[in-house]
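Counting in my numbering, the sequence shown runs from 50 upward without gaps.
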Amino acid sequence: MARKKQSLLNGALVLVIAMGITKVIGAIYKIPLTNVLGTIGRSYYSTAYNLFIPIYSIALGGLPVAISKLVAQYAALERYNDVKRVFKVAKRVFVITGIVGIAAILIIAYPYCMSINRMDAIYAMYMVAPSIFFCCLMSAYKGYYNGLRNMTPSAVCEVIEAAVKLIFGLALSKLVLVYASNQAAETGFVFGTAVSNEMEIIDAAAPYSAAAAIVGVTLGTVFATLYISLRLKIKGDGITKEEIALSPAPDSTKEIRSAIFRIAIPVVVSTLIFNITNLIDSWTLLYRLKTAVASDPEVIMNMFKSSIVDGGYENDTELWAGFLHGAYEIAVDFKNMIPTLTTVLGISAIPVLSEAWTLKNHENTKMSIESVIRMCLMIAFPAGFGMAVLGKPILTLLYGDLSSNDISAKVMVGYGVTVFIIAISQPITNMLQTIGKANVTVKSIAIGALFKIIVNFILIGIPQINIFGAIIGTACCYFVASAINLVVLLRTTRVKISFTKSIFKPFICSVLCAAAAYVVYEFLNPRLIEMDSLQLASRINGSTISAMIAIIAAVVVYVISLLVTKTILESDILMLPKGEKIAKLLNKIKVLG
50 MARKKQSLLN GALVLVIAMG ITKVIGAIYK IPLTNVLGTI GRSYYSTAYN LFIPIYSIAL
110 GGLPVAISKL VAQYAALERY NDVKRVFKVA KRVFVITGIV GIAAILIIAY PYCMSINRMD
170 AIYAMYMVAP SIFFCCLMSA YKGYYNGLRN MTPSAVCEVI EAAVKLIFGL ALSKLVLVYA
230 SNQAAETGFV FGTAVSNEME IIDAAAPYSA AAAIVGVTLG TVFATLYISL RLKIKGDGIT
290 KEEIALSPAP DSTKEIRSAI FRIAIPVVVS TLIFNITNLI DSWTLLYRLK TAVASDPEVI
350 MNMFKSSIVD GGYENDTELW AGFLHGAYEI AVDFKNMIPT LTTVLGISAI PVLSEAWTLK
410 NHENTKMSIE SVIRMCLMIA FPAGFGMAVL GKPILTLLYG DLSSNDISAK VMVGYGVTVF
470 IIAISQPITN MLQTIGKANV TVKSIAIGAL FKIIVNFILI GIPQINIFGA IIGTACCYFV
530 ASAINLVVLL RTTRVKISFT KSIFKPFICS VLCAAAAYVV YEFLNPRLIE MDSLQLASRI
590 NGSTISAMIA IIAAVVVYVI SLLVTKTILE SDILMLPKGE KIAKLLNKIK VLG
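In structure tokens:
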């Protein structure tokens, strides 16, 4: 089968579509999951993830980046025997790192839970451990396909993971809750805890239902790994026998292994620094929230009185920190959607930029860098501003009338106006790693992480600031790291990006988008408020209907703004499927930059 290379935006589009599907599945998953687990259960679930993510990131480290870069580099030079050998070496390395990753979670889980006084989260941590191995093995295949500029297998893997997590995660966690409800009805106890109402049943079952939900995550990685390995075996990689025959003899296994680690080690170190920081950050958040609550519970009550009372926690200050943490994590789910979307641009840029840099093609290098930055901001600005403007009705639409919605909505405002800094960080890091400057990312992330720890520790412990200190700390961290990385990237490549095209125009269009959402929502909401009396559903009321119409209006205004200001360039359109036909049509109405 002849190999077809995807362009930067074409590859990114494939990943974005898959990401969109997974986010829809994720929303479908998290809405009922939150109802099954409750806010306290979400805290257990998130605590397990907070340990899993850094170990997962360290286990993978820079290996996927290294594989993608080397495969693209060798393919650009038509050294296809080396391409094959890179993959062979990578699989061996990933198997070892996967086994080490499992061991790390099993060893660290108990002392970590002890340190944050969250022993009930340990079951979820044990259940997520096996997924490390399958994630590692799957990433070897993903890096290989990505380096060949074929993002489709990676995209399908993402969808499979999400779908399996949805089906098994919800089913298993619901089974635990049903068992707990039956146990409560028969004995008045749930797993040894006396219960008297539905909320107490959910909270008592939360450690076990959270662990059951995590089993779905692990099964998702198993099914996705099976898919991508079978795909390569059955359909191949598109490299022909003729290309292999004409390719020179490959470098030795030792040389390729050394090349992989030369790229990967700086990335691993920066990932290690950042994710250990996140682990400390997670511990700090809970620890300092408890300090804030203990030092002045009256301030906390005054700030979040309606949410605390509605949740039934007004007489139990011991649960306030966990409640605030759970509300914060619900908002973080929305914040994380935006960087997840922009990260695909960085992934798609690795093989394209690697090829341009290897062949010393300055024009393509400039186009790749500028396109990634502009497209990241075209996604992050409107999504973030929209999240800030419509946070509360979006939460109500997705989760119903949770007692924590008011708190989560306030967190969404803070992240909404700062998330663009986070969203652009990873793509810039990917591009810097691709041009051989991975060591710079170690220093930048170390400096940013130091800022984050200091700011978080100081601000979260102040009762008047509490969880909002985490937003400030995160923004400081990513701003410092991204600024350093961007300066080095542009200096090394000698690329000058257009401030007007890449930053100012996307910003203005996004402000107009958010303004449209705000105006439409504020106009419709008071006029549709009488729909609340119809009691259609807790999620469907005047506010959420107003929000949905406001989102549609915002999208329309944003698209028109992009076209009127000529923010979209002809080169962007040409990189899309059927790009020439689309560009020809848009050029007729003179809306391309």
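Just so you know, even glycine gets a beta-carbon here, dropped at the ideal spot from N, CA and C. Owing to the predicted nature of the structure, the values given are computational and were not obtained by experimental measurement.
Residue i versus residue j - alpha carbon distance
i      : j      : result
Asn199 : Glu404 : 14 Å
Phe310 : Cys526 : 27 Å
Gly287 : Leu197 : 9 Å
Ala67  : Thr270 : 16 Å
Cys558 : Asp455 : 28 Å
Leu64  : Asn246 : 45 Å
Phe372 : Gly69  : 29 Å
Ile102 : Leu112 : 16 Å
Gly361 : Phe323 : 37 Å
Val613 : Leu635 : 11 Å
Ile631 : Ile622 : 7 Å
Lys72  : Gly465 : 18 Å
Ala253 : Ile494 : 40 Å
Ile638 : Ala432 : 27 Å
Val317 : Val491 : 9 Å
Leu279 : Ser355 : 53 Å
Met350 : Ser397 : 47 Å
Leu100 : Val177 : 10 Å
Ala429 : Ser452 : 28 Å
Phe182 : Phe553 : 43 Å
Leu535 : Gln475 : 11 Å
Cys425 : Thr236 : 55 Å
Ala51  : Phe469 : Residue placement at Ala51 cannot be trusted, given a pLDDT of 49 that sits under 50; what the coordinates show is reported in the next sentence. Going by the C-alpha atoms only, they are around 39 Å apart.
Met480 : Val227 : 49 Å
Leu390 : Phe238 : 44 Å
Ser307 : Ala139 : 11 Å
Gly150 : Asp345 : 40 Å
Arg459 : Ala380 : Correcting the residue type first, residue 459 is Lys in the shown sequence and not Arg. Approximately 9 Å, taken between the alpha carbons.
Tyr570 : Pro179 : 45 Å
Met597 : Glu210 : 28 Å
Ile502 : Ile263 : 28 Å
Val478 : Met174 : The sequence as given places Thr at residue 478; Val does not occur at that position. Approximately 29 Å between the Cα atoms of the pair.
Ala530 : Ile104 : 21 Å
Ser203 : Ile277 : 8 Å
Leu21  : Cys185 : Any question about residue 21 goes unanswered here, given that the chain covers just 50 to 642.
Phe548 : Tyr172 : 50 Å
Leu499 : Phe506 : 11 Å
Ile250 : Gly449 : 20 Å
Rounded Cβ spacing between residue i and residue j (contact assumed at less than 8 Å)
i      : j      : result
Ala61  : Leu394 : 5 Å
Ala370 : Leu335 : 6 Å
Pro400 : Asn84  : In fact, because the Cβ distance is near 42 Å, the residues do not count as touching under 8 Å.
Thr96  : Arg167 : 5 Å
Ala566 : Val438 : 5 Å
Gln513 : Val348 : 6 Å
Leu444 : Ser457 : 6 Å
Ser551 : Glu419 : 6 Å
Residue range of the alpha helix (DSSP H) that includes residue i
i      : result
Ile154 : Tyr129 to Ser164
Asp382 : Trp369 to Thr407
Arg666 : Here the chain has residues from 50 to 642 only, and residue 666 is not among them.
Asp252 : Glu247 to Lys284
Ser356 : Pro346 to Gly360
Ile552 : Here Ile552 belongs to no alpha helix (DSSP H), and DSSP marks it neither H nor E.
Asn195 : Ser180 to Gly196
Asn410 : No alpha helix (DSSP H) holds Asn410; DSSP gives it neither H nor E.
Ala173 : Ile171 to Val177
Ile116 : Leu112 to Ala125
Pro202 : Thr201 to Val213
Glu291 : Lys290 to Leu295
Val605 : Gly591 to Val613
Glu235 : Leu219 to Thr236
Closer than 7 Å: residue i CB and nearest the ligand NAP heavy atom
i      : result
Val604 : No copy of the ligand NAP occurs in the structure displayed, which carries no ligand at all.
Check whether the segment 216-223 and the segment 143-153 are in contact - that is, three or more C-beta pairs closer than 8 Å. no
(message) Count Cβ pairs between the segment 228-247 and the segment 276-293 that sit closer than 8 Å; are there 3 or more?
(response) no
Unbroken alpha helix (DSSP H) runs of length 4 or more, entirely within the segment 430-480: which are they?
440-448 and 454-465
- Message: Does the structure place the segment 373-392 close enough to the segment 79-88 that three or more beta carbon pairs sit under 8 Å?
- Response: yes
Assess, as a yes-or-no matter, whether the segment 256-267 is touched by the segment 185-193 under the definition of 3 or more beta carbon pairs within less than 8 Å. no
* Which whole runs of the alpha helix (DSSP H) in the segment 476-518 are 4 residues long or more, in chain order? -> 487-509
**Prompt:** Any chance the segment 200-220 sits against the segment 74-84, with 3 or more Cβ pairs inside 8 Å?
**Reply:** yes
Runs of 3 residues minimum, wholly inside the segment 53-102: which ones carry the beta strand (DSSP E) assignment? none
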